[in-house]
Amino acid sequence: MNRPLSPLTRATLVEAPDDLDELIEFFHARRWSDGLPIVPPTRERVARMLSCTQRKPDEIIAKVAPGFGEATVERIAINAVMAGCRPDYLPVLIAATQAMSAPEFNLQGIQATTNPVAVWLIINGPIAEQLSVNAGPNCLGQGTVANATLGRALRLIMQNIGGALPGDMDRATHGQPGKFSFCCAENEAQSPWPPLHVERGFKREQSTVTVVGAAGTHNMNTHADNADELLRVIADTMMFPASNDYWIGGEPWLVLGPQHAAILHAGGLSKAEVKRRLWEESKMPARRMAARELQRTQAVRESKIGPINEDTMLAAADGPEGIGILVAGGPGTHSVYVASFGDARAVTREVIA
Amino acid sequence: MEIAKRGKAAVTVVSNAFIGLGRAQSRSLGHANLPLAVIPHPFGSRTREEVRALAEQCVAEIARLAAAK
């Protein structure tokens, strides 16, 4: 039995089984989950979640593509409960929903494409520590409540409010594990450079969330011990002919481990200079692409960068500033290349309770 | 969709891999009966000449769907 709370923007109460096993199957049967068990979004749990924002439950934060369901504060809170979020995570999810609905993020494309693209959440500022979002060892892996559940909640919002169910409006050929959750904070304490949100125009004491359309993660393990050599091997890893970044002119990202960031800083490089060097050194000869990709590249990029032929050296982004850099992770000789969806630009929004 | 909302004839061209998306999205946006003209998948890797040929193949169907509106 469904009982509306009215008005239309309020959620509907649903009578669900008391037995936990039956309840979990109840959610699976309705495709309200991501395939994992959910936390029952009871009125009490949703109310606790809503107590952590000053916004009204029926405030519409965004309309979420491709179904353009209205993401009210209450609906975001319900999905946050289901994902296992703690109540004080709610403002992060509200900001993330705002961010991913900005036109330049191209959520319609991200949700409905055959590409495996996931939405990567990057948390900056004081709230990262307040919520214990992992920015250190295994920050892109398992084991931290905030990282696991914030990313999961955003996926449930995209699926349950945006309507992008796998095989239906979500047309991904394979998808990727990051579509369950993809969330970390920046390791601001161990970064030699200003943090991401400061680079993007916010004050250090502001808290922000940045959304990125991430096609996947590719680990780079290198013991290079000087900036020139490290940049050379990272740039070489960025180049691959089946990359969306190269045929569209995208926005590739690098998660530099603190050790690698320290090597680049010790080499006298600012973040902007790292971007400029990588942009130059990762240019790829267009002939490495399949003939079809070269044709697509010509159709898409010639208006911006001029004539393209097999000898053209293609950059992964339209300019050096198009490369995103984050310092995160723990000790180790690893950094991560995050190729992008290509046809999307990262968006940052302030987290406000 | 915006054209359909204004009461004008509107047809969406989709490749056959995206029929489900087209139908679901038009339903979500309140135009469940928005006509779809279907072309073979994939579309993104077509040359300009191939796109032109496809357009010629489906133009009659588009006109038929638009006229039926």
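These protein sequences, in sequence, are chains A and B. Under this note's numbering, the first residue of the first sequence carries the number 1, and numbering increases by one thereafter. Under this note's numbering, the first residue of the second sequence carries the number 1001, and numbering increases by one thereafter. Each residue gets a CB set at the ideal place from its N, CA and C atoms; glycine is no exception.
{"query": "Beta-carbon proximity list for His-1041 of chain B, same chain, < 6 Å, skipping 5 on both sides", "result": "Ser-1015, Asn-1016 and Ala-1017"}
{"query": "Arg-1064 of chain B burial status per 10 Å Cβ neighbour count (16 or more: buried)", "result": "exposed"}
{"query": "Boundaries (first-last residue) of the beta strand (DSSP E) holding Asn-147 of chain A", "result": "Looking at the DSSP string, Asn-147 of chain A is not in any beta strand (DSSP E); the run it does join, the alpha helix (DSSP H), is 145 to 156."}
{"query": "Reduced DSSP category for Val-1051 of chain B - H, G, I as helix; E, B as strand; rest coil", "result": "helix"}
{"query": "CB contact below 8 Å: Thr-1012 of chain B versus chain A", "result": "no"}
{"query": "Nearest candidate by alpha-carbon position, reference Leu-13 of chain A, set A:Gln-111, A:Glu-44, A:Ser-33 and A:Ala-95", "result": "A:Glu-44"}
{"query": "Chain-ordered neighbours of Arg-171 of chain A on chain B, where CB pairs are closer than 9 Å", "result": "Ala-1017, Phe-1018, Gly-1020 and Leu-1021"}
{"query": "Limits of the unbroken alpha helix (DSSP H) element including Trp-32 of chain A", "result": "Note, Trp-32 of chain A: premise wrong, no alpha helix (DSSP H); not H, not E."}
{"query": "is_contact[Ala-1024 of chain B, chain A] using C-beta, thresh 8 Å", "result": "yes"}
{"query": "Residues that Cys-183 of chain A bridges to, as DSSP identifies them", "result": "A:Leu-121"}
{"query": "Same chain, Cβ closer than 6 Å to Ser-6 of chain A, five either side skipped, listed in chain order", "result": "Residue placement at Ser-6 of chain A cannot be trusted, given a pLDDT of 42 that sits under 50; the coordinates are not used to answer."}
{"query": "Selection from A:Ile-38, A:Pro-285, A:Glu-74 and A:Pro-37 that minimises the alpha carbon distance to Cys-52 of chain A", "result": "A:Glu-74"}
{"query": "Spatial neighbours of Gly-330 of chain A in its chain, beta-carbon cut-off 6 Å, leaving aside the 5 residues before and after", "result": "Gly-136 and Pro-137"}
{"query": "Trp-253 of chain A in three-state terms, based on DSSP", "result": "strand"}
{"query": "Touching by the beta-carbon criterion (3+ pairs, under 8 Å), the region 333 to 352 of chain A and the region 197 to 210 of chain A", "result": "yes"}
{"query": "Contacts around Leu-264 of chain A, its chain only, beta-carbon distance under 6 Å, and the 5 residues preceding and following it disregarded", "result": "Ala-227 and Val-274"}
{"query": "CB contact flag (Ile-157 of chain A, Thr-97 of chain A, <8 Å)", "result": "yes"}
{"query": "For Ile-325 of chain A, the nearest candidate out of A:Leu-231, A:Lys-56 and A:Phe-27 (CA to CA)", "result": "A:Leu-231"}
{"query": "Residues that Gly-1044 of chain B contacts on chain A, provided the C-beta gap is smaller than 8 Å", "result": "Arg-296"}
{"query": "Residue-level contact to chain A via CB, Leu-1065 of chain B, 8 Å cutoff", "result": "no"}
{"query": "The region 334 to 348 of chain A touching the region 246 to 254 of chain A, judged by at least three CB pairs closer than 8 Å", "result": "yes"}
{"query": "C-beta neighbour in chain A for Leu-1054 of chain B, strict 8 Å", "result": "no"}
{"query": "Beta carbon proximity, Asp-343 of chain A to chain B, threshold 8 Å", "result": "no"}
{"query": "8 Å Cβ cutoff, Gly-141 of chain A in contact with chain B", "result": "no"}
{"query": "Span separating the alpha-carbon of Ala-164 of chain A from that of Asp-170 of chain A", "result": "5 Å"}
{"query": "Residue-level contact to chain B via CB, Ala-112 of chain A, 8 Å cutoff", "result": "yes"}
{"query": "Continuous alpha helix (DSSP H) stretch holding His-197 of chain A: start and end", "result": "196 to 199"}
{"query": "Beta-ladder partner(s) of Pro-166 of chain A, from DSSP", "result": "A:Asp-170"}
{"query": "Whether Asn-187 of chain A touches Gly-342 of chain A by CB criterion (8 Å)", "result": "no"}
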